[in-house]
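Asks: A single structure is presented below for examination.
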Amino acid sequence: MSNARKKVVIAMSGGVDSSVAAALLQRQGYDVMGAFMRLGSPDGVNAVEEAPACDTSPHKNKQGCCSVLDADDARRVAGMLDIPFYVLNFQEDFGRVINYFVDEYNRGRTPNPCVRCNDWLKFGKLADYANAVGADYVASGHYARVENGRLMRGVDHRKDQSYVLFGVTPEALSHTLLPIGGMEKTEVRRIAEELKLPVFNKPDSQEICFVPNQDYAGLVQRRSPETFRKGDLVSTTGQVIGQHDGHQHFTIGQRRGLGVALGHKIYVVDIDAKSSRVTVGEKESLFKRSLVATQINLLDATLRDGRARPCQAKIRYNHDPQAATVLVTGDDEITVRFTDPQTAVTPGQAVVLYDQDYVLGGGWIDSAE
Numbered sequence: 019m020s021n022a023r024k025k026v027v028i029a030m031s032g033g034v035d036s037s038v039a040a041a042l043l044q045r046q047g048y049d050v051m052g053a054f055m056r057l058g059s060p061d062g063v064n065a066v067e068e069a070p071a072c073d074t075s076p077h078k079n080k081q082g083c084c085s086v087l088d089a090d091d092a093r094r095v096a097g098m099l100d101i102p103f104y105v106l107n108f109q110e111d112f113g114r115v116i117n118y119f120v121d122e123y124n125r126g127r128t129p130n131p132c133v134r135c136n137d138w139l140k141f142g143k144l145a146d147y148a149n150a151v152g153a154d155y156v157a158s159g160h161y162a163r164v165e166n167g168r169l170m171r172g173v174d175h176r177k178d179q180s181y182v183l184f185g186v187t188p189e190a191l192s193h194t195l196l197p198i199g200g201m202e203k204t205e206v207r208r209i210a211e212e213l214k215l216p217v218f219n220k221p222d223s224q225e226i227c228f229v230p231n232q233d234y235a236g237l238v239q240r241r242s243p244e245t246f247r248k249g250d251l252v253s254t255t256g257q258v259i260g261q262h263d264g265h266q267h268f269t270i271g272q273r274r275g276l277g278v279a280l281g282h283k284i285y286v287v288d289i290d291a292k293s294s295r296v297t298v299g300e301k302e303s304l305f306k307r308s309l310v311a312t313q314i315n316l317l318d319a320t321l322r323d324g325r326a327r328p329c330q331a332k333i334r335y336n337h338d339p340q341a342a343t344v345l346v347t348g349d350d351e352i353t354v355r356f357t358d359p360q361t362a363v364t365p366g367q368a369v370v371l372y373d374q375d376y377v378l379g380g381g382w383i384d385s386a387e
């Protein structure tokens, strides 16, 4: 087969997607090697153990993707496929992701650690490892596609994960394989069951692996207690309507847990980390017409031709692409203007640009108007 001597290192998380991806690569004739990325905090404690223990019964409340049980699942699948399997210790490197998470909340922004983990680890450190062992490609079980070196949305738009891959460089994309990007989730599970893989009905991981109890502010406070200070909750007119114990407890668009009741729905519309002031208002105050993003990664070089280009833009993972225009306004800056104002444009989140199914690039939201 044409792929017979091409070596692939696939990131195996112990889930059904990466397991089927490994099986498909093997079926296609690649020389496949499985790798489990051991993550966690730099002090050697597995990140998912930082939070209080929850129900640990099998296949219940599945939230992380880097636990000991996940490693065991990945090893079992690799054994069934008869492919070599290695556990790579990326704990120290993963500390960079956790530090980024904490720093962003302290700055009054809302981080997206899954995107950073893909950029820095899966298609960063793991790609370096693949190169060191002479592999031609890095692969993963993401629902996205790479065609002719271009990143595209997954065929199953409900599961599409191209948003979290926008930061992968064009050079890295040329050495990336995404075997299940052209499949529906139901088909992936069917193949896993046909192959009798033990993870065929394993639930998808949810939320952030190093905050399994979803207490983001608690994690930030444990790691940087000196940054928490009381502040004012104010209305959009500047009236003080309450107090809070730290702006890190809030994110743009948040409606629950505000600590005040005004008789109608109110939302967080602004966070000023320097003054520790959190502004709340009605939903109309959340709508923004445009945004500025930096730390950009442009996958289509024609974006730099100096003209505003029509596109579709996503401002968070669970967001349908919206009609917009994008203009490169600096060496490392883009301005995105929406046809219809969008709600909860959140600094710290990524904006990802599309031309139909093609990913044009993206950046990290700094501000919105």
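Using this note's numbering, you'd call the opening residue of the sequence shown number 19 and step up by one each time.
Heads up, the beta-carbon is just placed ideally off N, CA and C, and yes, glycines get one too.
Predicted, not measured: the structure shown is a model, and the values here were computed from it.
What is the rounded straight-line gap between the Cα of GLY264 and the Cα of ARG247?
Replies: Counted from its first residue, the sequence shown places residue 264 at position 246. Counted from its first residue, the sequence shown places residue 247 at position 229. Roughly 5 Å between the two C-alpha positions.
Asks: Do GLY299 and GLY277 have their beta-carbon atoms positioned less than 8 Å apart in this structure?
Replies: Residue numbering aside, residue 277 sits at position 259 when the sequence shown is read from its first letter. Residue numbering aside, residue 299 sits at position 281 when the sequence shown is read from its first letter. No, the pair does not count as a contact, with Cβ atoms beyond the cut-off.
Asks: Write down every uninterrupted run of the alpha helix (DSSP H) in the segment 145-194 whose length is 4 residues or greater and which is fully enclosed by it, in chain order.
Replies: DSSP runs (the alpha helix (DSSP H)) wholly in the segment 145-194: 188-191.
Asks: Roughly how many whole angstroms lie between the Cα atoms of LEU213 and ALA96?
Replies: Working through the sequence shown from its first residue, we reach residue 213 at position 195. Working through the sequence shown from its first residue, we reach residue 96 at position 78. If you take the alpha carbons of LEU213 and ALA96, they lie about 12 Å apart.
Asks: What's the call for ASP350, buried or exposed, on a 16-neighbour Cβ count within 10 Å?
Replies: Translated into the one-based positions of the sequence shown, residue 350 becomes position 332. Exposed, by the Cβ-count rule.
Asks: In whole angstroms, what is the alpha-carbon distance linking ARG163 and ASP137?
Replies: Numbered from its first residue, the sequence shown carries residue 163 at position 145. Numbered from its first residue, the sequence shown carries residue 137 at position 119. Distance between the alpha carbons of ARG163 and ASP137: 16 Å.
Asks: Reducing DSSP to helix, strand and coil, say where TYR123 ends up.
Replies: Locating residue 123 in the sequence shown gives position 105, counting from the first residue. It is helical.
Asks: Can you check DSSP and say which residues form a bridge with GLN335?
Replies: Taking the first residue of the sequence shown as position 1, residue 335 is located at position 317. Reading off the sequence, residue 335 comes out as Tyr, not Gln. Looking at the DSSP assignment, TYR335 forms no beta bridge with any residue, so it has no partner.
Asks: Check whether the Cβ atoms of PRO363 and ILE383 lie closer than 8 Å to each other.
Replies: For this step, residue 363 is matched to residue 345 along the sequence shown. For this step, residue 383 is matched to residue 365 along the sequence shown. Looking at the sequence shown, residue 363 is not Pro but Val. Yes; because the gap between Cβ atoms is below 8 Å, this pair is in contact.
Asks: Which first and last residues belong to the alpha helix (DSSP H) in which GLY200 is found?
Replies: Within the sequence shown, the letter at position 182 stands for residue 200. Note, GLY200: premise wrong, no alpha helix (DSSP H); not H, not E.
Asks: Report buried or exposed for HIS175, applying the criterion of at least 16 other Cβ atoms within 10 angstroms of its Cβ.
Replies: Here residue 175 refers to the residue found at position 157 of the sequence shown. HIS175 is exposed by the Cβ-count criterion.
Asks: Could you tell me whether the segment 180-194 touches the segment 47-58, using the rule of 3 or more Cβ pairs below 8 Å?
Replies: No: fewer than three Cβ pairs fall under 8 Å.
Asks: For ASP239 and GLY159, I'd like the C-alpha separation in whole angstroms.
Replies: Along the sequence shown, read from residue 1 onward, the residue named residue 239 stands at position 221. Along the sequence shown, read from residue 1 onward, the residue named residue 159 stands at position 141. With the sequence shown as reference, residue 239 is identified as Gln, and Asp is not the correct amino acid for it. About 33 Å.
Asks: Which class does PHE141 belong to by DSSP, given the choice of helix, strand or coil?
Replies: Along the sequence shown, read from residue 1 onward, the residue named residue 141 stands at position 123. Looking at PHE141 - three-state DSSP - the assignment turns out to be helix.
Asks: On the DSSP letters alone, give me the boundaries of the beta strand (DSSP E) that GLY379 sits inside.
Replies: Along the sequence shown, read from residue 1 onward, the residue named residue 379 stands at position 361. Its beta strand (DSSP E) spans residues 376-386.
Asks: State yes or no: is the C-beta of ALA368 within less than 8 Å of the C-beta of THR357?
Replies: Counting from 1 along the sequence shown, the entry for residue 368 is found at position 350. Counting from 1 along the sequence shown, the entry for residue 357 is found at position 339. Going by C-beta atoms, ALA368 is not nearer than 8 Å to THR357.
Asks: Can THR297 and THR128 be called in contact, C-beta distance under 8 Å?
Replies: Counting from one through the sequence shown, the residue named residue 297 turns up at place 279. Counting from one through the sequence shown, the residue named residue 128 turns up at place 110. No, the pair does not count as a contact, with Cβ atoms beyond the cut-off.
Asks: Out of curiosity, what's the CA-to-CA distance linking GLY152 and LYS25?
Replies: Against the sequence shown, residue 152 aligns to sequence position 134. Against the sequence shown, residue 25 aligns to sequence position 7. Distance between the alpha carbons of GLY152 and LYS25: 7 Å.
Asks: Run through the DSSP bridge pairs and tell me what GLY260 is partnered with.
Replies: Your numbering for residue 260 matches position 242 in the sequence shown. In the DSSP output, where bridge partners are listed per residue, GLY260 has LEU251.
Asks: From the DSSP secondary-structure annotation, give me the bridge partner or partners of ILE352.
Replies: For the purposes of this step, residue 352 is identified with residue 334 of the sequence shown, where counting begins at 1. Answer by DSSP bridge pairing, in chain order: ALA311, VAL346.
Asks: What's the call for ASN130, buried or exposed, on a 16-neighbour Cβ count within 10 Å?
Replies: Residue mapping note: residue 130 aligns to position 112 of the sequence shown, counting from 1. Buried, since its Cβ has 16 or more Cβ neighbours within 10 Å.
Asks: Tell me the DSSP secondary structure of VAL115 in three-state form.
Replies: Along the sequence shown, one-based indexing puts residue 115 at 97. Helix.
Asks: For the pair the segment 89-105 and the segment 29-43, tell me if three or more CB-CB distances fall below 8 Å.
Replies: Cβ pair count under 8 Å is three or more, so yes.
Asks: Could you give the DSSP three-state label for TYR234: helix, strand or coil?
Replies: Against the sequence shown, residue 234 aligns to sequence position 216. DSSP places TYR234 in helix when its eight states are reduced to three.
Asks: Look up GLN367 in the DSSP assignment and say whether it is helix, strand or coil.
Replies: Here the question's residue 367 lines up with position 349 in the sequence shown. Correct three-state label for GLN367: coil.
Asks: Take ARG307 as the anchor and find which of GLY281, ARG327, GLN340 has the nearest alpha-carbon.
Replies: As a working mapping, residue 307 is identified with position 289 in the sequence shown. Ranking GLY281, ARG327, GLN340 by Cα distance to ARG307 puts GLN340 first.
Asks: Determine the DSSP secondary structure at GLY299, reduced to helix, strand or coil.
Replies: On the sequence shown, residue 299 is found 281 positions in, with the first residue counted as 1. The answer is strand: DSSP assigns GLY299 an E or B state.
Asks: How long is the line joining the alpha carbons of ILE333 and MET201, rounded to whole angstroms?
Replies: As a working note, residue 333 is residue 315 in the sequence shown. As a working note, residue 201 is residue 183 in the sequence shown. Whole-angstrom Cα-Cα distance: 25 Å.
Asks: Between which residues of its own chain and ASN107 is the CB-CB distance below 6 Å, once the five residues before and five after are set aside?
Replies: Locating residue 107 in the sequence shown gives position 89, where the first residue counts as 1. Taken in chain order, the residues that qualify are ARG56.
Asks: Does the segment 302-317 come into contact with the segment 274-292, if we say contact requires no fewer than three beta-carbon pairs (one atom in each stretch) closer than 8 Å?
Replies: Contact between the segment 302-317 and the segment 274-292 is present, because at least three Cβ pairs lie under 8 Å.
Asks: If you compare alpha carbons, which of ARG355, VAL310, ASP318 is closest to ALA326?
Replies: Taking the sequence shown and counting its residues from 1, the one referred to as residue 326 is at position 308. Of ARG355, VAL310, ASP318, the residue nearest in Cα terms is ARG355.
Asks: Less than 6 Å between C-beta atoms, sequence neighbours within five positions excluded: which residues of the same chain meet that for GLY62?
Replies: Position 44 of the sequence shown, counting from 1, holds the residue named residue 62. Unreliable placement is indicated for GLY62, whose pLDDT of 38 sits below 50; the coordinate value is still reported in the next sentence. Nothing meets the Cβ criterion.
Asks: What is the rounded straight-line gap between the Cα of ARG45 and the Cα of TYR123?
Replies: The residue you call residue 45 lines up with position 27 of the sequence shown. The residue you call residue 123 lines up with position 105 of the sequence shown. Roughly 44 Å between the two C-alpha positions.
Asks: Determine the extent of the beta strand (DSSP E) in which VAL286 is found, giving its start and end residues.
Replies: Against the sequence shown, residue 286 aligns to sequence position 268. From DSSP, the beta strand (DSSP E) with VAL286 extends over 285-290.
Asks: Report the CB separation of VAL156 from THR194 in whole angstroms; it is logged as a contact under 8 Å.
Replies: Numbered from its first residue, the sequence shown carries residue 156 at position 138. Numbered from its first residue, the sequence shown carries residue 194 at position 176. That pair is a contact at about 6 Å.
Asks: Measure the Cβ-Cβ separation of ARG241 and VAL120 and say whether it is below 8 Å.
Replies: For the purposes of this step, residue 241 is taken as residue 223 along the sequence shown, with counting starting at 1. For the purposes of this step, residue 120 is taken as residue 102 along the sequence shown, with counting starting at 1. Yes.
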